[in-house]
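Engineer: Adding 280 to a residue's 1-based position in the sequence shown gives its number in this note's numbering.
All residues carry an ideal CB built from backbone N, CA and C; glycine is no exception.
Below are the structure tokens for one structure; questions will follow.
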Amino acid sequence: MIFILTLTILISSILFFYCNQKNFGPLVNTNNEQIQKLIDNKGSGYVYVGRPSCEECQKFLPNLKSVLNSRKETILYYDTDKARKEDQDKLVEELNNLDIKVVPAILYVEKGKVSKKQEGTISKSQIEKFLSNG
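Pasting the structure below:
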């Protein structure tokens with residue numbers, strides 16, 4: 281009986297973790313805490329900052345996904361709508377840390393600092409160029 285209960289809890293925990301770490305194709309969901317860890321731990325990588333409620337982001341997203349799929353790459357997706365619901369003050373802090381004024385934005389964090397960024401809607405070729413110079 282205890283074994284079944286333990287197994288049920290384990291499976292439920294795995295499912296909960298998996299559901300909260302959804303990947304949207306080449307985009308890997310991230311949150312306020314993970315962005316802060318990327319900076320604090322002097323991590324490196326690309327981050328896409330956008331939101332479902334942003335019309336420009338929705339126009340930009342298919343181009344970004346297309347380029348990432350063709351390159352067989354993934355990047356972090358910082359959904360500012362979700363981050364706002366999670367913690368409005370922390371969202372503002374992270375956007376200030378990343379120096380983001382406009383979405384959509386793609387940035388490259390190198391050793392915990394933004395080394396380059398592109399804000400606003402850009403073409404597939406511009407996305408490709410941005411990702412190639414990282």
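Helix, strand or coil: how does DSSP classify N349 here?
Structural biologist: Three-state result, N349: helix.
Engineer: Drop a sphere of 10 angstroms on the beta-carbon of G400, count the other beta-carbons inside from all chains shown, and report buried for 16 or more, exposed for fewer.
Structural biologist: Label assigned to G400: exposed.
Engineer: Please determine, among L375, I402, R331, L307, the residue with the shortest C-alpha to C-alpha distance to V394.
Structural biologist: For V394, the nearest C-alpha among the options comes from L375.
Engineer: Note down the Cα distance separating K339 from I380, rounded to an integer number of angstroms.
Structural biologist: Those two C-alpha atoms are separated by around 19 Å.
Engineer: Tell me which same chain residues have a C-beta within less than 6 Å of the C-beta of N349, skipping the five on either side of it?
Structural biologist: Excluding residues within five positions, the ones whose Cβ falls inside 6 Å are P306.
Engineer: Counting C-beta neighbours from all protein chains within 10 Å, is the total for P384 16 or more, i.e. buried, or is it exposed?
Structural biologist: Buried, since its Cβ has 16 or more Cβ neighbours within 10 Å.
Engineer: What are the boundary residues of the beta strand (DSSP E) that includes I380?
Structural biologist: Careful: I380 lies outside any beta strand (DSSP E) and carries neither H nor E.
Engineer: In chain order, what residues of the same chain have a beta carbon less than 8 Å from the beta carbon of P332, not counting five sequence neighbours either side?
Structural biologist: Taken in chain order, the residues that qualify are Q338, D359, D361.
Engineer: Express the C-alpha separation of K397 and D369 in angstroms, rounding to a whole number.
Structural biologist: One C-alpha to the other measures close to 23 Å.
Engineer: Skipping 5 residues on each side, what residues in its chain have a beta carbon closer than 7 Å to that of F410?
Structural biologist: Answer for F410: I386, Q398, listed in chain order.
Engineer: Look at the Cβ atom of S402, then the Cβ atom of L344, and state whether they are nearer than 7 Å.
Structural biologist: Before going further, note that residue 402 is Ile rather than Ser in the sequence given. Not a contact, by the Cβ cut-off of 7 Å.
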